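Residue numbers (the working numbering): 451 to 1585. For each residue, glycine too, the CB sits at the ideal point set by N, CA and C. The structure displayed is predicted, hence computed values, not measured ones. Structure, as structure tokens:
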Amino acid sequence: MADSIPLNPVRNNSKKAAYYNAARPVRYQSEDDISNLDEMPLMMSEEAFENEESDYHTLPRARVGHRRRGLGWFLCGGWKVLCGSCCDCLLRTCRRRKELKARTVWLGCPEKCEEKYPKNGIKNQKYNILTFVPGVLYQQFKFFLNLYFLVVACSQFVPSLKIGYLYTYWAPLGFVLAVTMVREAVDEVRRHRRDKEMNSQLYSKLTVRGKVQVKSSDIQVGDLIIVEKNQRVPADMIFLRTSEKTGACFIRTDQLDGETDWKLKVAVACTQRLPAVGDLFSITAYVYAQQPELDIHSFEGNFTREDCDPPVHESLSIENTLWASTVVASGTVIGVVIYTGKETRSVLNTSQSKNKVGLLDLELNRLTKALFLAQVVLSVVMVALQGFVGPWFRNLFRFVVLFSYIIPISLRVNLDMGKSAYGWIIMKDENIPGTVVRTSTIPEELGRLVYLLTDKTGTLTQNEMVFKRLHLGTVSYGTDTMDEVQSHIVQSHAQPCSVASSGTGASATPSHTATPSAPKVRKSVVSRVHEAVKAIALCHNVTPVYETRTGMAEAEGTEADQDFGDHNRTYQASSPDEVALVRWTESVGLTLVNRDLTSLQLKTPVGQILTFTILQIFPFTSESKRMGIIVKEEATGEITFYMKGADVAMASIVQYNDWLEEECGNMAREGLRTLVVAKKSLSEEQYQDFESRYNQARLSLYDRALKVAAVVESLEREMELLCLTGVEDQLQTDVRPTLELLRNAGIKIWMLTGDKLETATCIAKSSRLVARSQDIHVFRPQVSNRVEAHLELNAFRRKHDCALVISGDSLEVCLRYYEHELVELACQCPAVVCCRCSPTQKAQIVRLLQQHTANRTCAIGDGGNDVSMIQAADCGIGIEGKEGRQASLAADFSITQFKHIGRLLMVHGRNSYKRSAALGQFVMHRGMIISAMQAVFSSIFYFASVPLYQGFLMVGYATIYTMFPVFSLVLDQDVKPEMALLYPELYKDLTKGRSLSFKTFFIWALISVYQGGILMYGALVLFDQEFVHVVAISFTALVLTELLMVALTVRTWHWLMVMAEFLSLGCYLASLAFLNEYFGIGRVSLGAFLDLSFIATGAFLWKVCVITLVSCLPLYIIKYLKRKFSPPSYSKLSS
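Below you can see the structure in the form of structure tokens.
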């Protein structure tokens, strides 16, 4: 696969030592001599590693780019790096932030705060009145093109360097700056209005004298704020009290984390129990809050009430918080403000995404520098031909200014307008409805992509979970046998004894509960099914919501079945997996009808309501990969600990069994997401002991998470395995044909997912990311050291044309020791699947591909965990999905379905790149041709630095005379959309960048020199008797040539193009009559005015037509011959 990697086998340790000590050149050098180990060839025998394990932990990460920095490095861009790092250092020193500290906040007493905290105002503005103009000017003039024009325009204030009228230089530059400033000012005013609107929102603040209205921006740390239903939370608060009887409320967090599901928040028990709201001022209490942090999913703090004996202490966690920018979805809440302004979680998590610059812009910037070099060389030649006489240095600068049109200022204007047009066309495409272009500067990137990195859940799959399989070890139930499960549930609840004993059958006696070591009796299938279904119905974080009720408090009645009507019940949960499980238990007869903070209620098939008291909940985290709940059944007093989680986490927790691992693998191969469900019965004494230790750990201020985890783990031993569930995540519509289309277009697809290895592999197969006939190399999941990584890479290297599946942990180890080798091997694979990836790893993989391949990358995802990957990629695409809009809002392009990416790349990506390449080169041609004419004119007039065209002619030439036809190129297309989708292989040519290269630029430069020479010499030869009219003659031929060249470049005509051609010609003919004073030679005082009678003569017309034909006809003939004998691939298809 990677024959370029050195593969010299090392036989023994002595040879290995010789290899290390040999002074041989290496490909990638580190600053340390010991890093020569990193040059070790991959194909080594195992004995080569004996007694060397200690070395591996001391090795630095020798990677690409650790090269010596000398004068060459400094001249070739190193100075930029040094200047940039100096500026960054200076900026960090100036903006040194105040250290964030933990705080003690007294309820309703902002004046007691020890520190001064930031104002609560929202400020999204980039500039203020003083920094607006300097800031915008800096953003513009940091580009070479604009800086160059500023220098040229400023030079016209020096009398000896002045060439023409000032407005010919300042008008175009002023126009560009004015447009930019107006656009920035409009954006800034909009931002200011939005900020003012948010900061002026009124909230009720509780004081000793009662409620007062305060603006959002005037809220301080320690204030007690009342937030109504559907109102935005103005600052980070601790939730003290709610109007809901349950002591909890729902909030919507879509503006904070992009998730669409509602979150349940719990009020502090001590303050919720107070008889009235005013009693908050009659108690002496404070909140201890940790220092402000980025993590929106965690919080540690304590609530203390001092005015009672003994003082009341309550631990505070994430469920007691109301973060700013969330919205209260039920009831009215009261909270105490703990963080404001810049210290709130939402502001801390707001990062300025990097300004993405397209590859085409970088290529045009390089060509601009080449043009500048050509301009300087041409000026030196002119001065040299003068013989360096007199003040030659001043003459040199005058020539530089004279030829300044060789670099057209209209290039950036035309391209920016073109990009806006492409964005508008994409959003108006009826075949991809709902598509939004959020970054209008990089539409051409869609046509240059080589790597597509995609998320799995919600991107390739629908994130719509369907319960498919229940496995009990000896018996398995699928979709076609769910009626058996239903009949077992009905049967178990029809027997009174089983209801009384929670369906555990005759074997489940109170003595068994009290003494878990009692001998086990084999349970019946009915009993086992009932236990499994009950566990699934109880172990979750799902809340039923009834549309006819405002909150959970009104759904409390347990006596009347009609309170829990099935027709208007919906389920709210943070995971679609949990909703799928609860919906399934409802379909087999055990329905979750009510839930609040302290209890759960299930309805049996016979209509009886079973009530369970919730004693403890242990939520799911990405570290633990499991969630648990301890419930007490009211009817029997039984306390049971239920737990469910991923098989990797649960395998060591449940009692020994011989089927779990095998069945998990089987389900994963079918593409099912698996959860292992287990339980443990607790006696009252066991629970009381656990509760005291657990509460003590939760009040700890240091290492709270570790201490809590240790206490919970003491319960997680020898749990009884109940069942294994399988839930299917259905594929998005048309995923298979879309992936096939992208693969045929030469795009390599990598799937990066947080899911388990088996499920990821299965989805890769079912979505045809990996062809059925293709081999898959699965990297060993537990690669932990350098030896194992080395051997695995050797095994992988021997495979040819096979897909790679690797886990995040193994990837981390391999990148530590063999970054370049791994990326080189992986890039040669037809497909790569990375499973168990964290969000930061996803972004890291994107950056690795950018560094090692220099190809354009695209990342596509739908969840908040994909944002870092989307922002790191050259082109980020977000899907509006079940996981919310966070990815969609952070992306450069937003689509509604994965299948739309095919048309977005094949059609719009192709057109945007082809059109911008043609437009950019044509605008350059427009500048080069006039510079060639100026060079010929100056040569004839004894190399004098006198301008050929004056004042308005130069401005008009770049705008009204030629802009409309040139800009009409944004409507051109070489292939019909249907053809581009039918033959995706055409996309491969685009990634090679042949539409805009030094070769095509050189061809356009030759055309410009030829046409400029013909136009000028033709005007001099044919009109030698009327030489005073040379400006009118050559300029008319020039405008006609430009219009004909647009017609030559266009591949598919549009009615707007024809209109633009005639409109420009009409504007020019009209200006001949009104602007006649500009058509003289040199300055107006030296030349003659335009003679209208001369233009009307037949001689003028036929001579201008001859000059124009001589300049254009050969090009038309060449184009015809080329299309006949060497046609491009797309023209073969269209014919």
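- Contact annotation: residue 1296 and residue 1307 have beta-carbon atoms nearer than 9 Å.
- Annotation: residue 686 is outside any alpha helix (DSSP H); the continuous beta strand (DSSP E) that includes it extends over 686-692.
- Under the three-state reduction of DSSP output, residue 717 falls in the coil class, being neither helix nor strand.
- The stretch 568-615 contains no complete beta strand (DSSP E) run of 3 or more residues.
- Contact between the stretch 768-782 and the stretch 696-703 is present, with at least three C-beta pairs closer than 8 Å.
- Note that the C-beta distance between residue 1173 and residue 810 is not below 9 Å.
- Residue burial is scored here from C-beta neighbours: residue 1232 has fewer than 16 other C-beta atoms within 10 angstroms and is therefore classed as exposed.
- Distance from the CA of residue 1284 to the CA of residue 1311, rounded to the nearest whole angstrom, comes to 14 Å.
- A residue is called buried once 16 or more other Cβ atoms fall within 10 Å of its Cβ, and residue 1097 is buried on that count.
- In this structure the stretch 564-571 does not lie against the stretch 737-751, because fewer than three pairs of beta carbons, one per stretch, are closer than 8 Å.
- In the structure shown, the three-state DSSP call for residue 763 is strand.
- Boundaries of the beta strand (DSSP E) harbouring residue 1021: 1019-1022, taken from the DSSP string.
- Pairwise C-beta distances place the stretch 1167-1183 in contact with the stretch 1341-1357, as three or more of them are shorter than 8 Å.
- Around the CB of residue 604, fewer than 16 other CB atoms lie within 10 Å, so the residue is classed as exposed.
- For residue 1235, the closest of 1250, 1268, 1409 and 1255 by C-alpha to C-alpha distance is 1268.
- Here the stretch 616-627 makes contact with the stretch 854-874; the two share three or more CB pairs at distances below 8 Å.
- Taking residue 1559 as reference, the option from 1522, 600, 632 and 1460 with the minimal CA-CA separation is 1460.
- In the structure shown, the three-state DSSP call for residue 1578 is coil.
- A Cβ-Cβ contact shorter than 9 Å links residue 1169 with residue 1103.
- Of all alpha-carbon atoms in 1316, 672 and 1197, the one lying nearest the alpha-carbon of residue 656 is that of 672.
- Bridge partners of residue 904 according to DSSP: 1201 and 1310.
- Here the alpha carbons of residue 1431 and residue 678 stand approximately 52 Å from one another.
- Contiguous alpha helix (DSSP H) elements confined to the stretch 1213-1297 occur at 1236-1247 and 1258-1277, taking only those with 4 or more residues.
- In this structure, the beta-carbon distance from residue 1190 to residue 1222 does not fall below 9 Å.
- At a Cβ-Cβ threshold of 9 Å, residue 1521 and residue 869 do not count as neighbours.
- When secondary structure is reduced to three states using DSSP, residue 1026 falls in the helix class.
- Around residue 833, the same chain offers 842, 845, 846 and 849 as residues with beta carbons nearer than 7 Å, after the five sequence neighbours per side are excluded.
- Leaving aside the five residues that flank residue 1466 on each side, the residues in its chain whose CB is nearer than 7 Å to its CB run, in chain order, 1383, 1386, 1387 and 1484.
- In the structure shown, residue 1123 adopts extended strand secondary structure according to DSSP, grouped into three states.
- Runs of the beta strand (DSSP E) spanning 3 or more residues and lying entirely within the stretch 646-673 occur at 652-657 and 660-665, in chain order.
- Put simply, the stretch 1402-1419 does not touch the stretch 1317-1326. Fewer than three CB pairs are less than 8 Å apart.
- In the three-state DSSP reduction, residue 794 falls in the coil class, being neither helix nor strand.
- Where residue 1179 is concerned, the enclosing beta strand (DSSP E) starts and stops at 1170-1181.
- Going by beta carbons, residue 1226 and residue 1254 fall inside the 9 Å limit.
- Non-local beta-carbon contacts of residue 720 in its own chain, meaning distances under 8 Å to residues more than five positions away in sequence, involve 735, 753, 755, 762 and 764 in chain order.
- The Cβ atoms of residue 1414 and residue 1513 lie closer than 9 Å to each other.
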